[in-house]
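Written out below as structure tokens is the structure these notes cover.
Residue numbers (our numbering): 66 to 550.
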């Protein structure tokens, strides 16, 4: 029995993808570096199914229909390169290697070029949705060798999540060449960092400024599921707040307040710096995790550094909750606006023809950031594919205008009461900077010219004409072409 696709790496994600593929009518050959892991899977969970266990890579390759499609679900980094090198001598021209891990996009760019030089095809695909998504239907963001798409499309679109009125729109489509798929997945994860931090800040405000219990907050998040905030992350937050420990208390309050990260949020921020894109909210979300990890220092600092004693807000709790909801929505809009600005910049840098509205639909189901909100993003780019910033779309501009008073009130109350809300305030600061036609960078340019003769442009002269001033002498500025730095 020849298999439709092979999969290497039988950790939970790999196993679940195999079960998903088999349930959609595909025969899957599987291999794991630890042979016993493969044997346990084939003889247990996969028993009686169209799943072929292979003890060697040679067996795996021999078990596949041409062109061979082999998906690697191994740890990102050296393991991917090592697996590739072991497979290359066993493959034939036109065979396809697929990396379904969270690889860094520069690695995928390099690997695509290398694999193609061997006469093979390469796909680097983002897979989002966690263990449950892998089993029931993830969101998938494939990129790499364009010629490979027709061969992997039937499998990928069969196993991914489906959305739309008839649940027939697949949350998987070709993203672009070389590293485009893994880049879009990276930005997805960065937005995920931002969404999670914003929700945590909303929770913190309700707890410390409104004195709300976990059960009361559970009810609020349940209500928010019926608004524009309806999303997977709001849904699981609702459930978390209702979950009780053995003693009947909320288990969330017994969890240590230190958060980890696997690097994709950091990669997103670093890429934004490389592209010169102000990804302030997502970067603050990454830094918030870094600061949370400094638990011992924070406990010690609490004994030394003074701050205000938080005062519970006024009697109108319902209005305060609505203000927090609006602040959360406005900040979320900013987060996505920044993420899409980064995607646009990267597309230009790397020559990718990204479909921004289509990307929103890839994220509409299966993935961690799935939400009703993404429909509005697709509509925005359908109306104006070259939209410079999501905040300029009529729908989103209207939501931001409606949230203005509440957003500022929430941020002000947090600052006055010493409640850290770095993502909320970063979002508001970005919004105010972006809508301001004149920023204080004129003074900054004067400072740079003073100490480093870096030159500046003038508002009363044509753009592209540069000047330098001898700040310690007299005589005004001089055209930059008239002196030597």
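Don't be surprised by glycine CBs; every beta carbon is placed ideally from N, CA and C. Since this is a predicted model, take the numbers as computed values, not measurements.
{"Item": "With which residues is residue 158 paired in a DSSP beta bridge?", "Value": "None; residue 158 has no bridge partner."}
{"Item": "Which residue wins for smallest C-alpha separation from residue 68, given the options 256, 394, 134?", "Value": "134"}
{"Item": "Leaving aside the five residues before and after residue 282 along the sequence, list all residues of the same chain whose C-beta is less than 8 Å from its C-beta, in chain order.", "Value": "268, 271, 272, 306"}
{"Item": "Would you report the Cα separation of residue 490 and residue 358, rounded to the nearest angstrom?", "Value": "21 Å"}
{"Item": "Looking at C-beta atoms only, is the number of pairs between the stretch 236–256 and the stretch 365–381 that lie closer than 8 Å three or more?", "Value": "no"}
{"Item": "Does the separation of the CB atoms of residue 488 and residue 294 fall below 8 Å?", "Value": "no"}
{"Item": "Would you mind working out which of 208, 137, 138 sits nearest residue 170, comparing C-alpha positions?", "Value": "208"}
{"Item": "I'd like the span of the beta strand (DSSP E) that includes residue 207, first residue to last.", "Value": "204–209"}
{"Item": "In terms of residues, what are the limits of the beta strand (DSSP E) holding residue 186?", "Value": "186–193"}
{"Item": "Sort 333, 292, 457, 76 by Cα distance to residue 411 and report the nearest one.", "Value": "333"}
{"Item": "In whole angstroms, give me the CA-to-CA distance for residue 524 and residue 513.", "Value": "17 Å"}
{"Item": "Does any CB atom of chain C fall closer than 8 Å to the CB of residue 502?", "Value": "No chain C appears in the structure shown, which is made up of a single protein chain."}
{"Item": "Would you kindly check if the distance between the Cβ of residue 166 and the Cβ of residue 138 is under 8 Å?", "Value": "yes"}
{"Item": "According to DSSP, what are the bridge partners of residue 166?", "Value": "None; residue 166 has no bridge partner."}
{"Item": "Within its chain, find whatever has a CB closer than 8 Å to the CB of residue 185; leave out the 5 residues flanking it on each side and keep chain order.", "Value": "153, 156, 158, 159, 160, 161, 162"}
{"Item": "Which residue marks the beginning of the beta strand (DSSP E) containing residue 531, and which one marks its end?", "Value": "Note, residue 531: premise wrong, no beta strand (DSSP E); not H, not E."}
{"Item": "Tell me the rounded alpha-carbon separation between residue 586 and residue 95.", "Value": "It is not possible to answer for residue 586, since the shown part of the chain is limited to 66 through 550."}
{"Item": "Within this structure, are the beta carbons of residue 71 and residue 136 separated by less than 8 Å?", "Value": "yes"}
{"Item": "Under 8 Å, do residue 225 and residue 245 count as touching if we go by C-beta distance?", "Value": "no"}
{"Item": "How about residue 258 and residue 351: are their beta carbons less than 8 Å apart?", "Value": "yes"}
{"Item": "Quick check on the burial criterion: 16 or more other C-beta atoms within 10 angstroms. Buried or exposed for residue 405?", "Value": "buried"}
{"Item": "Assuming residue 107 and residue 116 make a contact with CB atoms under 8 Å, what is their CB distance in whole Å?", "Value": "6 Å"}
{"Item": "Of the choices 378, 327, 348, whose alpha-carbon is the least far from that of residue 335?", "Value": "348"}
{"Item": "Rounded to the nearest angstrom, what separates residue 499 and residue 534 at their Cα positions?", "Value": "29 Å"}
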